[in-house]
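A.B. asks: Whatever position you read off the sequence shown (first residue = 1), add 237 for our numbering.
Think of the CB as a built atom: it goes at the ideal place given N, C-alpha and C, for glycine as much as any other residue.
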Amino acid sequence: MESLLKEWDGETTIISYDKPTGAWIFIAIFSTRLGPAAGGTRMKLYSDFQSALQDALRLSEAMTYKFALSGISFGGGKTVIAIPRDFDTQSRHALLRRYGEMVQKLGGLFYTGPDVGMSSTDMDIISETGSPYVFGRTPKSGGAGSSGPATALGVFSGMQVACEHVFGERSLNGRRILVQGAGSVGGALIEYLRRAGAVVIFSDVEEKSICRFRDDFSLQCISADKVYSVECDIFAPCALGAVLNNKTIPQLKCRVVAGGANNQLAEPEDAERLRDRGILYAPDYVINVGGAMFLIGMEAQDWTQENVENKVTEGIQTVLQQIFELAAAKNITTEAAARQVAENRLSFAR
Ligand code: PPY
Numbered sequence: 238m239e240s241l242l243k244e245w246d247g248e249t250t251i252i253s254y255d256k257p258t259g260a261w262i263f264i265a266i267f268s269t270r271l272g273p274a275a276g277g278t279r280m281k282l283y284s285d286f287q288s289a290l291q292d293a294l295r296l297s298e299a300m301t302y303k304f305a306l307s308g309i310s311f312g313g314g315k316t317v318i319a320i321p322r323d324f325d326t327q328s329r330h331a332l333l334r335r336y337g338e339m340v341q342k343l344g345g346l347f348y349t350g351p352d353v354g355m356s357s358t359d360m361d362i363i364s365e366t367g368s369p370y371v372f373g374r375t376p377k378s379g380g381a382g383s384s385g386p387a388t389a390l391g392v393f394s395g396m397q398v399a400c401e402h403v404f405g406e407r408s409l410n411g412r413r414i415l416v417q418g419a420g421s422v423g424g425a426l427i428e429y430l431r432r433a434g435a436v437v438i439f440s441d442v443e444e445k446s447i448c449r450f451r452d453d454f455s456l457q458c459i460s461a462d463k464v465y466s467v468e469c470d471i472f473a474p475c476a477l478g479a480v481l482n483n484k485t486i487p488q489l490k491c492r493v494v495a496g497g498a499n500n501q502l503a504e505p506e507d508a509e510r511l512r513d514r515g516i517l518y519a520p521d522y523v524i525n526v527g528g529a530m531f532l533i534g535m536e537a538q539d540w541t542q543e544n545v546e547n548k549v550t551e552g553i554q555t556v557l558q559q560i561f562e563l564a565a566a567k568n569i570t571t572e573a574a575a576r577q578v579a580e581n582r583l584s585f586a587r
């Protein structure tokens with residue numbers, strides 16, 4: 238744990254052990270240079286304490302770049318709630334309320350919202366004690382609801398720019414696109430892609446999503462063991478993190494990776510592995526910012542749905558274009574280019 242924290246370049250990490258449930262809570266605040274830190278709360282089972290902490294630290298850094306690149310005046314943070322193996326779901330409500338109290342005590346240093354393992358209903362509960370520092374409540378409770386469709390719109394828009402860069406045209410018509418994870422982001426993305434005339438194939442482990450897209454939409458469903466080796470134009474990871482690694486990258490048969498999941502690269506070297514294979518990678522924190530823009534825009538900036546859609550589309554396309562051009566001009570990876578643009582904006586704000 239000591240080395241993880243020593244090597245991390247962020248500002249503050251708050252670690253709390255929730256005795257009644259045995260859950261660990263990590264609130265990582267990477268940067269408040271552009272404003273109070275904001276980022277979702279992720280709740281899941283981790284193999285160990287270290288990997289939970291590491292997830293929080295890395296995700297909070299990505300949030301910092303995400304806001305810097307999208308022009309939203311927030312810093313980057315993230316919470317991981319690592320539940321124990323024998324977690325009693327009955328105790329979930331009380332745990333979320335205690336977590337809300339922690340957020341409340343931070344007094345506006347950190348704002349949160351949903352992430353993996355969290356729903357708008359969970360945000361309602363956290364908000365009972367954590368208000369007004371909670372984004373993404375249900376519309377019934379005054380929130381903007383699910384951010385999945387806005388994230389998907391951003392990924393869709395980013396794919397068009399990636400296609401222009403690689404194939405010379407923005408259109409996704411006829412492109413073969415593999416969506417990994419057909420949940421709230423992947424599912425909405427599939428709908429955008431189908432409307433644009435793309436040939437969509439997908440993979441998922443949830444029976445409900447498989448039934449919906451394979452049986453009702455007649456899409457080809459790829460089994461989990463083949464997902465990295467299927468031939469396609471674009472691979473869109475919309476589920477797990479670390480799916481781009483030294484095992485999977487050599488198998489890929491795509492020209493572009495562009496998806497909604499956070500932390501897609503297992504380690505920094507994977508950006509080079511992708512480039513060496515001639516695959517254009519749209520950095521995750523650039524292309525998946527639509528959800529955060531939606532929640533913050535609708536709930537804190539008085540944007541309309543139409544404002545959100547325009548800003549998500551234009552914002553992501555402009556920045557992504559700039560990053561692809563910089564990467565090509567300087568012969569660096571798109572990940573390095575994104576970092577340069579983000580760091581530049583961060584230092585400018587200082
Ligand atoms: C993410 O985009 O990864 C998030 O965590 C979304 C978010 C960001 C800020 C507030 C609420 C949710």
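(1) Identify every run of the alpha helix (DSSP H) within the segment 438-486, keeping only runs that are complete inside it and at least 4 residues long; order them along the chain.
(2) Report yes if the C-beta distance between Phe315 and Ala331 is below 9 Å; otherwise report no.
(3) Can you name, in chain order, every residue of its own chain whose Cβ lies under 8 Å from the Cβ of Arg334, other than the five neighbours on each side?
(4) So, Ala275 versus Phe393, is the Cβ gap smaller than 9 Å?
(5) Determine the direct distance from the alpha carbon of Gly515 to that of Gly379, and round the result to whole angstroms.
(6) Please indicate yes or no: does the CB of Leu557 lie closer than 8 Å to some heavy atom of the ligand PPY?
(7) State the DSSP-derived secondary structure class of Tyr254, mapped to helix, strand or coil.
(8) In three-state terms, what does DSSP make of Leu517?
(9) If I'm right that Thr278 touches Met339 with Cβ under 8 Å, what's the distance once you round it to whole angstroms?
(10) Which residue's Cα is closest to the Cα of Ala387: Thr301, Ala529, Thr269, Val556?
(11) Tell me the rounded alpha-carbon separation between Val467 and Ile414.
(12) Answer yes or no: the CB of Ile533 versus the heavy atoms of the ligand PPY, is any distance below 8 Å?
(13) Per the DSSP calculation, Gln417 is bridged to which residue(s)?
(14) Which one of Met535, Glu543, Ala519 has the shortest CA to CA distance from Phe561?
(15) Tell me the DSSP secondary structure of Ala275 in three-state form.
(16) With respect to 8 Å, is the separation between the Cβ of Tyr336 and the closest non-hydrogen atom of the ligand PPY below this value?
(17) Tell me the DSSP secondary structure of Thr541 in three-state form.
(18) Take the Cβ of Glu536 as the centre, count every other Cβ of all protein chains shown within 10 Å, and call the residue buried at 16 or more, exposed below.
(19) Can you say whether Asn525 is buried or exposed, counting buried as having 16 or more other CB atoms within 10 angstroms of its CB?
(20) Quick one: does the C-beta of Met300 sit closer than 8 Å to a heavy atom of the ligand PPY?
(21) Determine the burial state of Ser288: buried for a count of at least 16 other Cβ atoms within 10 Å of its Cβ, exposed for fewer.
(22) Buried or exposed: which applies to Phe442, given that a residue is buried once 16 or more other Cβ atoms fall within 10 Å of its Cβ?
(23) Evaluate the contact criterion for the segment 306-324 versus the segment 250-263: three or more CB pairs, one atom per stretch, below 8 Å.
(24) Are the segment 536-548 and the segment 494-511 in contact at 8 Å, needing three or more beta carbon pairs?
(25) Can you list, in chain order, the residues of its chain with a C-beta nearer than 6 Å to that of Ala399? Leave out the 5 residues immediately preceding and following it.
(26) Over what stretch of residues does the alpha helix (DSSP H) that includes Tyr336 continue unbroken?
(27) Please confirm whether Phe324 and Ala381 have their CB atoms less than 9 Å apart.
(28) For Ala495, verify whether its CB is less than 8 Å away from any heavy atom of the ligand PPY.
(29) For the ligand PPY, is there any heavy atom lying closer than 8 Å to the beta carbon of Asp453?
(30) Under three-state DSSP, which class holds Ile524?
C.D. replies: Reading from the atomic positions:
(1) 444-447
(2) In the sequence shown, counting from the first residue as 1, residue 315 sits at position 78. In the sequence shown, counting from the first residue as 1, residue 331 sits at position 94. One point to set straight first is that residue 315 is Lys, not Phe, in the sequence displayed. Not closer than 9 Å, so no.
(3) The residue given as residue 334 occupies position 97 in the sequence shown. Once the five neighbours on either side are set aside, the close Cβ partners of Arg334 are Ile362, Ile363, Glu365, Thr366.
(4) As a first step, residue 275 is located in the sequence shown; it is residue number 38 there, counting from the start. As a first step, residue 393 is located in the sequence shown; it is residue number 156 there, counting from the start. Not a contact, by the Cβ cut-off of 9 Å.
(5) As a working note, residue 379 is residue 142 in the sequence shown. As a working note, residue 515 is residue 278 in the sequence shown. Cα atoms of Gly379 and Gly515: separation of roughly 46 Å, rounded to the nearest angstrom.
(6) Position 320 of the sequence shown, counting from 1, holds the residue named residue 557. Leu557 Cβ: outside cutoff for every heavy atom of the ligand PPY.
(7) Here residue 254 refers to the residue found at position 17 when the sequence shown is read from its first residue. Correct three-state label for Tyr254: strand.
(8) To locate residue 517, count along the sequence shown from 1; it is residue 280. Residue state, collapsed to three classes: strand.
(9) Residue 278 sits at position 41 when you count from the first residue of the sequence shown. Residue 339 sits at position 102 when you count from the first residue of the sequence shown. The pair is not a contact, with the Cβ atoms about 11 Å apart (cut-off 8 Å).
(10) The count along the sequence shown starts at 1 and reaches residue 387 at position 150. Looking at the Cα atoms, Ala529 is the closest of the given residues.
(11) Indexing the sequence shown from 1 puts residue 467 at position 230. Indexing the sequence shown from 1 puts residue 414 at position 177. Using only the alpha carbons, I get a separation of about 10 Å.
(12) Taking the first residue of the sequence shown as position 1, residue 533 is located at position 296. For Ile533, the shortest separation between its Cβ and any heavy atom of the ligand PPY lies below 8 Å.
(13) The count along the sequence shown starts at 1 and reaches residue 417 at position 180. According to DSSP, Gln417 bridges with Ser440, Pro474.
(14) Residue mapping note: residue 561 aligns to position 324 of the sequence shown, counting from 1. It is Ala519 whose Cα lies nearest to the Cα of Phe561.
(15) Translated into the one-based positions of the sequence shown, residue 275 becomes position 38. Strand, per DSSP.
(16) In the sequence shown, the residue the question calls residue 336 occupies position 99. No.
(17) What you label residue 541 is simply residue 304 of the sequence shown in a count that begins at 1. Reduced to three states, the DSSP call for Thr541 is coil.
(18) By one-based count along the sequence shown, residue 536 stands at place 299. Burial call: buried.
(19) In the sequence shown, residue 525 corresponds to position 288, counting from 1. Asn525 sits buried, since 16 or more C-beta atoms from the chains shown fall within 10 Å of its C-beta.
(20) Within the sequence shown, residue 300 is the residue found at index 63, counting from 1. Yes; taking the cut-off as 8 Å, the Cβ of Met300 has a heavy atom of the ligand PPY nearer than that.
(21) As a working mapping, residue 288 is identified with position 51 in the sequence shown. Its Cβ having fewer than 16 others within 10 Å, Ser288 is exposed.
(22) In the sequence shown, the residue the question calls residue 442 occupies position 205. Looking at the sequence shown, residue 442 is not Phe but Val. Exposed, since its Cβ has fewer than 16 Cβ neighbours within 10 Å.
(23) With the cut-off at 8 Å, the segment 306-324 and the segment 250-263 touch.
(24) no
(25) If you number the sequence shown from 1, residue 399 lands on position 162. Once the five neighbours on either side are set aside, the close Cβ partners of Ala399 are Val493, Ala495, Leu517, Ala519.
(26) As a working mapping, residue 336 is identified with position 99 in the sequence shown. Start and end: 329-342.
(27) Your numbering for residue 324 matches position 87 in the sequence shown. Your numbering for residue 381 matches position 144 in the sequence shown. With respect to Ala381, Phe324 sits apart: the two C-beta atoms are not nearer than 9 Å.
(28) In the sequence shown, the residue the question calls residue 495 occupies position 258. For the ligand PPY, not one heavy atom lies less than 8 Å from the Cβ of Ala495.
(29) Translated into positions along the sequence shown, residue 453 becomes position 216. Because no heavy atom of the ligand PPY lies under 8 Å away, the Cβ of Asp453 does not count as near it: no.
(30) Counted from its first residue, the sequence shown places residue 524 at position 287. In the structure shown, Ile524 adopts helical secondary structure according to DSSP, grouped into three states.
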